[in-house]
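Residue numbering for the sequence shown follows my numbering, starting at 1 and increasing by one per position. All C-beta atoms, glycine included, are put in the ideal place defined by N, C-alpha and C. Report on one structure; see the data block that follows.
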Amino acid sequence: WRMMNGEGPSTDGDPEIDLSMYPTPRNAITGKELRKWTRRLSRPYRFEVSGLENIPQDGSNYIVSANHASYLDPLWIINAADGRIDYTRVSGMAAKERMDNKVERKLFEVFGAIPVDRFGNTLPATQRAKECLTDEKYIMFIFPEGARSRDGSMLPFKAGAAELSIQTGKKIVPVRLEGSFEIFPRHKKYPKIFSIPRKKIRVVFGEPMDPTDYADPKEMTQKMKDIISGLL
Numbered sequence: 001w002r003m004m005n006g007e008g009p010s011t012d013g014d015p016e017i018d019l020s021m022y023p024t025p026r027n028a029i030t031g032k033e034l035r036k037w038t039r040r041l042s043r044p045y046r047f048e049v050s051g052l053e054n055i056p057q058d059g060s061n062y063i064v065s066a067n068h069a070s071y072l073d074p075l076w077i078i079n080a081a082d083g084r085i086d087y088t089r090v091s092g093m094a095a096k097e098r099m100d101n102k103v104e105r106k107l108f109e110v111f112g113a114i115p116v117d118r119f120g121n122t123l124p125a126t127q128r129a130k131e132c133l134t135d136e137k138y139i140m141f142i143f144p145e146g147a148r149s150r151d152g153s154m155l156p157f158k159a160g161a162a163e164l165s166i167q168t169g170k171k172i173v174p175v176r177l178e179g180s181f182e183i184f185p186r187h188k189k190y191p192k193i194f195s196i197p198r199k200k201i202r203v204v205f206g207e208p209m210d211p212t213d214y215a216d217p218k219e220m221t222q223k224m225k226d227i228i229s230g231l232l
């Protein structure tokens, strides 16, 4: 993959990551590269998309929260948005250990990922994500389940996305995906590409959630899960 070439911030053998280097700065060229590979990884499938009118188009930054069943969920959400999500402004948090692999690291860098230590102190990565939302114009992808589903059903939601939304005042766009687990479940190394008829991925964008409408992260998290569960 051409977008995997070149050098970038590395986590190899370095437990102390300089998070100020993440998300990796991107421009029109890297944005075009992300768009190209997003389309390539989406082309084998049929997309059924609704709720595009719910994606903010006023230049504001916000949080995208969706159910998480496949490794490629972020790219499929971006593809479904059909240009309504700026490729150069996308970011999210990715497991630090996944970035030890050079190929995966380059993919995460192009996506704008922030490495998070899932088994240690998550506060630095969370703080960096907060800075990206308040001081920089990023669109933050956060999957509230915290991990990919093992069987396609939704896991309990963690409160991190709601906490970040309430702390920054940024809205959450809830998203529901259906079909991604059948194509690329977590126990498979590669997605199913060749099938007749082509497998379908359904993506539904819900109305943005305003954090001022909720008393606390717990209430907002429960409402978010209810909304995402009911989007299909």
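The beta carbon of Arg39 lies closer than 8 Å to those of Asn79 in the same chain, with the five residues before and after it left out. A direct Cα-to-Cα measurement between Lys171 and Ala66 gives close to 14 Å. Assignment of Leu52 by DSSP, reduced to helix, strand and coil, places it in the helix class.
The beta carbon of Tyr22 lies closer than 6 Å to those of Ile114 in the same chain, with the five residues before and after it left out. Between the segment 29-49 and the segment 137-151, the count of C-beta pairs closer than 8 Å stays below three; the two stretches do not touch. Here the C-alpha atom of Tyr71 lies approximately 12 Å from the C-alpha atom of Ala95.
Contact check for Ile201 and Gly179: beta-carbon distance about 4 Å, within the 8 Å limit, so the pair qualifies. DSSP, reduced to helix, strand and coil, places Leu164 within a helical segment of the structure shown. Distance from the Cα of Gly160 is smallest, within the candidate group Ser229, Tyr87, Glu219, Asn61, for Glu219. The beta strand (DSSP E) runs lying completely inside the segment 29-97 and spanning 3 residues or more are 46-50, 63-66, 90-95, given in chain order. For Glu219, the three-state secondary structure derived from DSSP is helix.
Rounded to the nearest whole angstrom, the C-alpha separation of Thr126 and Leu133 is 11 Å.
If you keep only unbroken alpha helix (DSSP H) runs of at least 4 residues inside the segment 89-158, you get 102-111, 123-134. When DSSP states are grouped into helix, strand and coil, Lys200 belongs to the strand group.
Here Ile193 is not bridged, per DSSP, to any residue.
Shown here, Leu177 sits in a strand according to DSSP, grouped into three states. The beta carbon of Gly206 lies closer than 8 Å to those of Gly51, Asn54, Val173, Pro174, Val175, Arg176, Ile227, Ile228, Leu231 in the same chain, with the five residues before and after it left out.
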